[in-house]
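*Asks:*
Number of protein chains: 4
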Amino acid sequence: MPRPSRWPEILLAAGQEFREHGYENATLEGIGARVGILKGSIYNYVGSKEELLLAVVEQPARALLAELERLGADTSSSVSVRLRELIRMQVRIFSEWYPAAFVYLRHLGHVVQSPRFAEFREMDGQYMAAVEALLAEGVASGEFSLPGEPRMVARATVGMLDWMQHWFTPRGEEADLELADELFALALGGLIAGGSMRALARSMPPAGVQTTLAVAP
Amino acid sequence: MPRPSRWPEILLAAGQEFREHGYENATLEGIGARVGILKGSIYNYVGSKEELLLAVVEQPARALLAELERLGADTSSSVSVRLRELIRMQVRIFSEWYPAAFVYLRHLGHVVQSPRFAEFREMDGQYMAAVEALLAEGVASGEFSLPGEPRMVARATVGMLDWMQHWFTPRGEEADLELADELFALALGGLIAGGSMRALARSMPPAGVQTTLAVAP
Amino acid sequence: MPRPSRWPEILLAAGQEFREHGYENATLEGIGARVGILKGSIYNYVGSKEELLLAVVEQPARALLAELERLGADTSSSVSVRLRELIRMQVRIFSEWYPAAFVYLRHLGHVVQSPRFAEFREMDGQYMAAVEALLAEGVASGEFSLPGEPRMVARATVGMLDWMQHWFTPRGEEADLELADELFALALGGLIAGGSMRALARSMPPAGVQTTLAVAP
Amino acid sequence: MPRPSRWPEILLAAGQEFREHGYENATLEGIGARVGILKGSIYNYVGSKEELLLAVVEQPARALLAELERLGADTSSSVSVRLRELIRMQVRIFSEWYPAAFVYLRHLGHVVQSPRFAEFREMDGQYMAAVEALLAEGVASGEFSLPGEPRMVARATVGMLDWMQHWFTPRGEEADLELADELFALALGGLIAGGSMRALARSMPPAGVQTTLAVAP
DNA sequence: AATGAATGAGGCTTCATTCAT
DNA sequence: TATGAATGAAGCCTCATTCAT
Chain A
464 MPRPSRWPEI LLAAGQEFRE HGYENATLEG IGARVGILKG SIYNYVGSKE
514 ELLLAVVEQP ARALLAELER LGADTSSSVS VRLRELIRMQ VRIFSEWYPA
564 AFVYLRHLGH VVQSPRFAEF REMDGQYMAA VEALLAEGVA SGEFSLPGEP
614 RMVARATVGM LDWMQHWFTP RGEEADLELA DELFALALGG LIAGGSMRAL
664 ARSMPPAGVQ TTLAVAP
Chain B
464 MPRPSRWPEI LLAAGQEFRE HGYENATLEG IGARVGILKG SIYNYVGSKE
514 ELLLAVVEQP ARALLAELER LGADTSSSVS VRLRELIRMQ VRIFSEWYPA
564 AFVYLRHLGH VVQSPRFAEF REMDGQYMAA VEALLAEGVA SGEFSLPGEP
614 RMVARATVGM LDWMQHWFTP RGEEADLELA DELFALALGG LIAGGSMRAL
664 ARSMPPAGVQ TTLAVAP
Chain C
464 MPRPSRWPEI LLAAGQEFRE HGYENATLEG IGARVGILKG SIYNYVGSKE
514 ELLLAVVEQP ARALLAELER LGADTSSSVS VRLRELIRMQ VRIFSEWYPA
564 AFVYLRHLGH VVQSPRFAEF REMDGQYMAA VEALLAEGVA SGEFSLPGEP
614 RMVARATVGM LDWMQHWFTP RGEEADLELA DELFALALGG LIAGGSMRAL
664 ARSMPPAGVQ TTLAVAP
Chain D
464 MPRPSRWPEI LLAAGQEFRE HGYENATLEG IGARVGILKG SIYNYVGSKE
514 ELLLAVVEQP ARALLAELER LGADTSSSVS VRLRELIRMQ VRIFSEWYPA
564 AFVYLRHLGH VVQSPRFAEF REMDGQYMAA VEALLAEGVA SGEFSLPGEP
614 RMVARATVGM LDWMQHWFTP RGEEADLELA DELFALALGG LIAGGSMRAL
664 ARSMPPAGVQ TTLAVAP
């Protein structure tokens, strides 16, 4: 059985175990079992369980970083288009690097502390900052009307996307793109109309009282 | 030295440790240390680490369930007002039961398997179903125009809220209410305008091309 | 509730717990629960779990010792009669001190090491020696014809009695006396006819071959 | 250093520790120390302390069961011969599986509750029933004359054998066989003459009175 | 590269025991 | 006397990690 290297299999198995049980509950024995080797043998490929987590997470993380830089370089598109791209990109990465990308998301805190991930150390912050800046730019350009601080809105928007780990599974390129654009539309509606809605909300009646919402769609 | 039971202290300490390190990384020794007792002493109050998790989580979980039932009973308000109440309610619970409510959210899967939590077993599903139904009702009444299936939109909306565990800390009743209403406005914008945005998105240019978004705010 | 002292209740409860679970599995909490007090309260009555075992066991042990001395003093009866008395005595003690006497038997090894039980330290050996001597005396007097060394026969006979902890429960004075005498008869048969039987056994056919045992009953 | 699995050593060590201290007092540390490994290492071979007990006990238990079935199949021998075989068999197993067989006997209650020992669940009862039936058969055929109910006599006889755990150590095949046959002779005497002895006992004088036992040997 | 076996640290849990009230 | 609470030691068990083969 010429198996030049089981590294890819191990990586895959680790990703699945980490996804299924979480990093702390996953065991090297379980990962080995998926591949058909004993736990000790894994150390022929990687130095520690933590390194294995990093290895699993590295590819989606690099992909994300690369895409982010690519998006940042696009100064010619409108804010909305760039946001659409951002969301499409995230969904694409979730899909392409499934389930590793979700492992990354779930254990972001752990990963980000590794010296080896110096480059990612502040990526999360940069990511948030980028979204925030994008929103602010939208406000400045008049495209957006936010219901609150850009930082808060950015967090809410990113949360919507990151929470996908709890319900998303890839369904094909087309369907995933469709989904991304629906999410984009949902977000965009809030970003564009949020300001008005905030004003409107102030005039809404308290709960428990029948009323008709006088909003023109 | 009056020692009227350290149970509340233990519960608090456990909530903090679980929040800080996660259930699996938290140790009884650490929890005991916060209170100033040895790990073994904790067993005077609770039968196992898992029971401790359940105890920490029980109050916010019950609060959530109670509020949910209260909201479900309100048939007189408009869909928008009910959604506003839902979001306010969540933020209020996050705030009142901080950080226990986030422990609950983070370890929902674990908690929900306990026999003791039989009543909560399907709460999560019911919660999602309730939000979904609310959105569908809004569509039927013409209040909402969603960019996709109600289920998907419900998930995205709930995700926005649940992700708050990664950035929210209570800042006082007033500020929290303000935040809740901003989140509501953000969501409402997407729910009302999402359908149009979806149509609009189709006509947006691809990335990398300068354009002006022709949207009237 | 005037409870001048719960010591007797505790002793009883301890005996039951020790009998039911064995000394090492019994817990002070369980004993306390039977009485309706907490485990810590037991230390108002006794210094340690081990002392509690000794206390439980002391009365049957002293009774046994006393009876043994009484029997030893009887030089006027025949060997058979003295053996009958020995067996009756044991059964009576098992019955009167039930279940404490069985706790004693089960944990003899533990008990006998206690300094406080110096007097009992070698009682077990003396007991065996007494039985052995009785049998030897029977041989010398011609009453008995043993199938082997007196020591071995003594051990077998005592084993028959001590094993009663696994099946005996008191059924009233009369029935217990009846039982004792049946056991005595069984033993006596072996002691009287054992020698002949040993000879006979030599001439028995091997197993698996049909034969008729030519023994006149 | 060839290390062809230490499982046998562990099994042996466990048997000795269980024999010496009893299951509940034995520690994995002690067992490991006998083998020269740490307690944790034992879990490379077995899943729990209880499983270790079962493993220790399994072989003698299976041996006993097999022998019992073998004996049950022998319908051609006389009752006495079959009883002789039963006793020889027991002694042989005590000797061959020393000390594991005694561990089995001592912790029968514990062992028999294991799902893994479903087949042995009722063995103990069957064993008693078999002895009882054998005795009853002897009565019916006129070979035996018991001093009481077959059940009681069976219990006493079995007790004689099972109590051997407190004094027996193997002394070689020949000596053990000799011992078995002496025990058999002792038992047989009681079984054959027990009835007469019971009658005789009624007419014996009370203790404390000199008398001559008028029994022809 | 894989195995079998061992290590060692650490965590959960139990429980006899102590002690202030 | 009884309680509630705490201690401390010890035991079982898990698991990442190491290593000779």
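Residue numbers (my numbering), protein chains in the order written: chain A, 464 to 680; chain B, 464 to 680; chain C, 464 to 680; chain D, 464 to 680. Heads up, the beta-carbon is just placed ideally off N, CA and C, and yes, glycines get one too. These numbers come from a predicted model, not from an experiment.
Going by other Cβ atoms of all chains shown within 10 Å of its Cβ, with 16 needed for buried, is Pro680 of chain B buried or exposed?
*Replies:* On the second sequence, position 217 is the one that residue 680 of chain B refers to. Bear in mind that the predicted position of Pro680 of chain B carries a pLDDT of just 40, short of 50, making it unreliable; the figure below should be weighed with that in mind. Looking at its Cβ environment, which holds fewer than 16 other Cβ atoms inside 10 Å, Pro680 of chain B is exposed.
*Asks:* For Met552 of chain C, which of C:Ser540, C:Leu534, C:Val542 has the nearest alpha-carbon?
*Replies:* Position 89 of the third sequence, counted from the first residue, corresponds to residue 552 of chain C. Selected option, being the one with the closest Cα: C:Leu534.
*Asks:* In chain C, which residues lie less than 8 Å from Phe481 of chain D when you measure between Cβ atoms?
*Replies:* Along the fourth sequence, one-based indexing puts residue 481 of chain D at 18. Within 8 Å Cβ-Cβ: nothing; Phe481 of chain D doesn't reach chain C, min ~13 Å.
*Asks:* I want to see whether chain D comes within less than 8 Å of Met586 of chain C, judged by CB atoms only; does it?
*Replies:* As a first step, residue 586 of chain C is located in the third sequence; it is residue number 123 there, counting from the start. Not closer than 8 Å to any Cβ of chain D, the Cβ of Met586 of chain C fails to qualify, so no.
*Asks:* What three-state label does DSSP hand Thr675 of chain C in the structure shown?
*Replies:* Here residue 675 of chain C refers to the residue found at position 212 of the third sequence. Unreliable placement is indicated for Thr675 of chain C, whose pLDDT of 48 sits below 50; the coordinate value is still reported in the next sentence. Residue state, collapsed to three classes: coil.
*Asks:* Please state the DSSP three-state secondary structure of Asp639 of chain B.
*Replies:* Numbered from 1 along the second sequence, position 176 holds the residue referred to as residue 639 of chain B. Helix at Asp639 of chain B.
*Asks:* Whole angstroms is fine: what's the gap from Ala477 of chain B's alpha carbon to Val519 of chain B's?
*Replies:* For the purposes of this step, residue 477 of chain B is identified with residue 14 of the second sequence, where counting begins at 1. For the purposes of this step, residue 519 of chain B is identified with residue 56 of the second sequence, where counting begins at 1. In a straight line, the C-alpha of Ala477 of chain B is about 7 Å away from that of Val519 of chain B.
*Asks:* From Ile500 of chain A to Glu492 of chain D, what does the alpha carbon distance come to, in whole angstroms?
*Replies:* Taking the first residue of the first sequence as 1, we reach residue 500 of chain A at position 37. Taking the first residue of the fourth sequence as 1, we reach residue 492 of chain D at position 29. The straight-line gap from Cα to Cα measures roughly 30 Å.
*Asks:* Do three or more CB pairs link the region 552 to 570 of chain D to the region 632 to 643 of chain D at distances below 8 Å?
*Replies:* Flag = yes, the region 552 to 570 of chain D and the region 632 to 643 of chain D touch.
*Asks:* Quick one: list the residues of chain D neighbouring Phe647 of chain C, beta-carbon separation under 9 Å, in chain order.
*Replies:* Position 184 of the third sequence, counting from 1, holds the residue named residue 647 of chain C. Within chain D, the residues near Phe647 of chain C are Pro610, Met660, Arg661, Ala664.
*Asks:* Among C:Gly605, C:Leu609, C:Pro633, whose alpha-carbon lies nearest the alpha-carbon of Ala564 of chain C?
*Replies:* On the third sequence, residue 564 of chain C is found 101 positions in, with the first residue counted as 1. Comparing Cα positions, the closest option is C:Pro633.
*Asks:* Flag Pro680 of chain C as yes if its beta-carbon sits less than 8 Å from any beta-carbon of chain D, otherwise no.
*Replies:* For the purposes of this step, residue 680 of chain C is taken as residue 217 along the third sequence, with counting starting at 1. Because Pro680 of chain C sits at a pLDDT of 39, beneath the cut-off of 50, its placement in the model cannot be relied upon, and the point is left open.
*Asks:* By the 10 Å Cβ neighbour count, where 16 or more other Cβ atoms means buried, how is Arg569 of chain A classified, buried or exposed?
*Replies:* In the first sequence, counting from the first residue as 1, residue 569 of chain A sits at position 106. It is buried - the Cβ of Arg569 of chain A has at least 16 other Cβ atoms within 10 Å.
*Asks:* Determine the chain B residues that contact Glu487 of chain A at a beta-carbon separation under 8 Å, and present them in chain order.
*Replies:* For this step, residue 487 of chain A is matched to residue 24 along the first sequence. Under the 8 Å cutoff, chain B gives Gly485, Glu487, Asn488.
*Asks:* Hey, does Gly495 of chain C have any beta-carbon neighbour from chain D nearer than 8 Å?
*Replies:* Here residue 495 of chain C is taken as the residue at index 32 of the third sequence, counted from 1. Chain D, which has no Cβ nearer than 8 Å to the Cβ of Gly495 of chain C, makes this no.
*Asks:* Between which two residues does the alpha helix (DSSP H) holding Trp470 of chain B run?
*Replies:* Position 7 of the second sequence, counted from the first residue, corresponds to residue 470 of chain B. Looking at the DSSP string, the run of the alpha helix (DSSP H) that includes Trp470 of chain B is 470 to 484.
*Asks:* What in chain D is Cβ-close to Arg618 of chain C, meaning under 7 Å?
*Replies:* Within the third sequence, the letter at position 155 stands for residue 618 of chain C. In chain order: Trp630.
*Asks:* Leaving out the 5 sequence neighbours to the left and right, which residues in its chain are closer than 8 Å to Glu487 of chain D when beta-carbon positions are compared?
*Replies:* Numbered from its first residue, the fourth sequence carries residue 487 of chain D at position 24. The answer is none, since no qualifying residue turns up.
*Asks:* Glu548 of chain C versus chain D: which residues are under 7 Å apart at the beta carbon?
*Replies:* By 1-based counting over the third sequence, the position of residue 548 of chain C is 85. In chain order: Ala670.
*Asks:* Applying a beta-carbon distance threshold of less than 7 Å, which residues of chain B neighbour Ala650 of chain A?
*Replies:* Counting from one through the first sequence, the residue named residue 650 of chain A turns up at place 187. What Ala650 of chain A touches in chain B: Gly653.
*Asks:* Which of helix, strand or coil does DSSP assign to Asp625 of chain B?
*Replies:* Position 162 of the second sequence holds residue 625 of chain B. Three-state result, Asp625 of chain B: helix.
*Asks:* Straight-line CA distance for Gly495 of chain A to Gly652 of chain B?
*Replies:* On the first sequence, residue 495 of chain A is found 32 positions in, with the first residue counted as 1. On the second sequence, residue 652 of chain B is found 189 positions in, with the first residue counted as 1. Going by the C-alpha atoms only, they are around 49 Å apart.
*Asks:* Should the region 582 to 600 of chain D be called in touch with the region 523 to 531 of chain D, which here means at least 3 C-beta pairs below 8 Å?
*Replies:* With the cut-off at 8 Å, the region 582 to 600 of chain D and the region 523 to 531 of chain D touch.
*Asks:* Report the rounded CA-to-CA distance for Gly485 of chain C versus Gly671 of chain D, giving the unit in angstroms.
*Replies:* Reading the third sequence from its first residue, position 22 is the one you call residue 485 of chain C. Reading the fourth sequence from its first residue, position 208 is the one you call residue 671 of chain D. So the alpha carbons of these two residues sit roughly 38 Å apart.
*Asks:* Got a sec? Which residues, its chain only, sit under 7 Å from Met660 of chain C by beta carbon, not counting five neighbours each side?
*Replies:* As a position in the third sequence, residue 660 of chain C is number 197, starting the count at 1. Taken in chain order, the residues that qualify are Pro610.
*Asks:* So for Gln553 of chain D, helix, strand or coil by DSSP?
*Replies:* The residue labelled residue 553 of chain D in the question sits at position 90 within the fourth sequence. DSSP places Gln553 of chain D in helix when its eight states are reduced to three.
*Asks:* In three-state terms, what does DSSP make of Leu501 of chain D?
*Replies:* Here residue 501 of chain D refers to the residue found at position 38 when the fourth sequence is read from its first residue. Looking at Leu501 of chain D - three-state DSSP - the assignment turns out to be coil, as it is neither helix nor strand.
*Asks:* Am I right that Pro613 of chain D and Val621 of chain D are in contact with their C-beta atoms under 8 Å? What's the rounded C-beta distance?
*Replies:* For this step, residue 613 of chain D is matched to residue 150 along the fourth sequence. For this step, residue 621 of chain D is matched to residue 158 along the fourth sequence. Their Cβ separation, rounded to whole angstroms, is 12 Å, which puts Pro613 of chain D and Val621 of chain D out of contact at 8 Å.
*Asks:* Can you tell me whether Gly657 of chain C is buried or exposed, with buried defined as 16 or more other CB within 10 angstroms of its CB?
*Replies:* For this step, residue 657 of chain C is matched to residue 194 along the third sequence. Looking at its Cβ environment, which holds 16 or more other Cβ atoms inside 10 Å, Gly657 of chain C is buried.
*Asks:* With distance defined between alpha-carbon atoms, name the residue in C:Met623, C:Glu483, C:Leu475, C:Ser468 nearest to Glu521 of chain C.
*Replies:* The count along the third sequence starts at 1 and reaches residue 521 of chain C at position 58. Checking every option, the nearest Cα to that of Glu521 of chain C belongs to C:Leu475.
*Asks:* Buried or exposed: where does Ala581 of chain C fall if 16 or more other Cβ atoms within 10 Å of its Cβ makes it buried?
*Replies:* Along the third sequence, read from residue 1 onward, the residue named residue 581 of chain C stands at position 118. Exposed, by the Cβ-count rule.
*Asks:* Can you tell me the Cα-Cα spacing of Glu595 of chain B and Glu606 of chain B, whole angstroms?
*Replies:* Residue mapping note: residue 595 of chain B aligns to position 132 of the second sequence, counting from 1. Residue mapping note: residue 606 of chain B aligns to position 143 of the second sequence, counting from 1. Rounded to whole angstroms, Glu595 of chain B to Glu606 of chain B spans 14 Å at the Cα level.
*Asks:* Cβ of Ala599 of chain A less than 8 Å from any chain B Cβ?
*Replies:* Taking the first residue of the first sequence as 1, we reach residue 599 of chain A at position 136. No, Ala599 of chain A lies away from the interface with chain B (no Cβ there is under 8 Å from its Cβ).
*Asks:* Once the 5 residues before and after Phe583 of chain D are set aside, which same chain residues still bring their CB inside 8 Å of it?
*Replies:* Walking along the fourth sequence from the start, residue 583 of chain D turns up at place 120. Within the same chain, Phe583 of chain D has close Cβ partners Ala524, Leu528, Val574, Val575.
*Asks:* Check the Cβ-Cβ distances between Gly622 of chain B and every residue of chain A, and say whether any is below 8 Å.
*Replies:* Within the second sequence, residue 622 of chain B is the residue found at index 159, counting from 1. So, interface residue.
*Asks:* What three-state label does DSSP hand Phe631 of chain B in the structure shown?
*Replies:* Taking the second sequence and counting its residues from 1, one reaches residue 631 of chain B at position 168. Here Phe631 of chain B sits in coil by DSSP.
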